[in-house]
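Student:
In the numbering used here, the protein residues as written are 36 to 381.
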């Protein structure tokens with residue numbers, strides 16, 4: 036008799052990602068062949084909070100990695116936001132070790148305040164994971180985000196009104212410093228209940244973070260109030276539809292980004308300045324991507340640069356009435372001068 040369907044589903048998802056990791060980091064290595072020298076085998080880390088999603092991911096990695104000649108390790112991040120968080124982090128490390136993951140370690144971080152508590156915790160967590168991946172020379176870091184998480188991310192992007200890229204949610208593969216494909220999310224097509232069921236049938240202990248049920252956090256309110264209300268009003272299938280929206284939006288956003296990248300050189304003069312008339316001739320979606328990229332290159336922080344900022348710059352192109360300079364985050368200024376758009380530090 037084979038494994039429980041939930042266990043089979045998470046293992047298959049992880050197996051596919053591990054094959055991709057081998058393809059990316061060892062093109063000459065047959066994914067079905069175990070390397071002769073274990074020390075040369077790539078290392079894949081799992082980011083594990085101790086919750087059902089990441090524990091299911093850790094168990095699947097521990098099962099699948101040895102069959103492909105991959106070393107498997109785990110990292111848990113102690114955000115220090117709750118009493119006894121250090122003890123819980125130690126428990127997670129013990130569970131990872133019992134699964135056979137090595138290295139298995141806990142990293143304590145200090146969470147700042149920039150962008151609000153959720154964004155600050157996320158920034159601190161990814162900084163810790165990047166550090167661990169660099170220290171251990173990991174080929175990839177697996178994250179336990181599920182289809183439900185993706186649906187929540189799409190709705191949060193919709194609320195911000197930041198365009199197609201915000202609606203594209205989380206990428207199945209994304210980068211870290213110097214590593215374009217460091218982070219992998221095997222479970223984006225699986226629901227949260229599948230991961231929880233996989234833990235239950237394997238008798239894996241899980242920890243439910245009380246912050247996930249705290250209405251003080253936007254994502255928690257969305258999870259426990261917003262999505263259930265949408266399903267009540269629209270019927271079942273909302274989560275699946277939002278996840279599909281994310282993929283379709285990502286495909287569109289990638290295509291538009293590529294178009295903007297090719298078009299940018301054609302709208303700059305010999306001195307490298309953006310020409311307003313040529314910008315005006317471009318489709319708005321392409322033009323605004325060029326404007327956003329130019330603002331970021333001038334020093335505007337990407338995380339603080341919102342759609343309204345880009346719209347204000349765009350009006351210097353499409354609704355020029357002699358208006359003055361536009362102040363942007365990061366002390367960046369955009370203004371129109373002699374038919375050119377100048378974006379620089381103010």
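All C-beta atoms in this analysis are idealised placements derived from N, C-alpha and C, irrespective of residue type, glycine included.
1) Relative to the C-alpha of residue 285, which residue among 204, 373, 47 is closest?
2) Looking at the structure shown, is residue 113 part of a helix, part of a strand, or coil, going by DSSP?
3) What is the DSSP secondary structure of residue 378, counted as helix, strand or coil?
4) Please state whether DSSP places residue 19 in a helix, a strand or coil.
5) DSSP three-state label for residue 282, please.
6) Out of 42, 377, 36, state which residue places its alpha-carbon closest to the alpha-carbon of residue 239.
7) Kindly identify the DSSP beta-bridge partner or partners of residue 434.
8) I need the straight-line Cα distance from residue 339 to residue 364, nearest angstrom please.
9) Measuring CB to CB, does residue 378 end up less than 8 Å from residue 333?
10) Looking only at C-alpha atoms, which of 375, 297, 326, 274 sits nearest to residue 304?
11) Among 85, 75, 103, 77, whose alpha-carbon lies nearest the alpha-carbon of residue 47?
12) For the alpha helix (DSSP H) that contains residue 228, what are its first and last residues?
13) Use the C-beta contact count for residue 232: other C-beta atoms within 10 angstroms, 16 or more gives buried, fewer gives exposed.
14) Less than 8 Å between the CB atoms is what I'm expecting for residue 191 and residue 257, so what's the real figure, rounded?
15) Where does residue 293 sit, in a helix, a strand or coil, going by DSSP?
16) Between which residues of its own chain and residue 134 is the CB-CB distance below 7 Å, once the five residues before and five after are set aside?
17) Which residue wins for smallest C-alpha separation from residue 106, given the options 114, 172, 242?
18) Mark residue 380 as exposed unless 16 or more other C-beta atoms lie within 10 angstroms of its C-beta, in which case mark it buried.
19) Work out the CA separation of residue 373 and residue 382 for me, nearest whole Å.
20) Pull up the CB-CB distance for residue 274 and residue 169, whole angstroms please, since I reckon it's below 8 Å.
Tutor: According to the structure shown:
1) 204
2) strand
3) strand
4) Outside the displayed span of the chain (36 to 381) sits residue 19, for which this structure offers no information.
5) helix
6) 42
7) Given a span of 36 to 381 for the chain in the structure shown, any question on residue 434 remains unanswerable.
8) 6 Å
9) yes
10) 375
11) 103
12) 227-236
13) buried
14) 7 Å
15) helix
16) 93, 94, 97
17) 172
18) exposed
19) The requested residue 382 is not part of the displayed model; the chain covers only 36 to 381.
20) Not really, about 35 Å apart at Cβ, beyond 8 Å.
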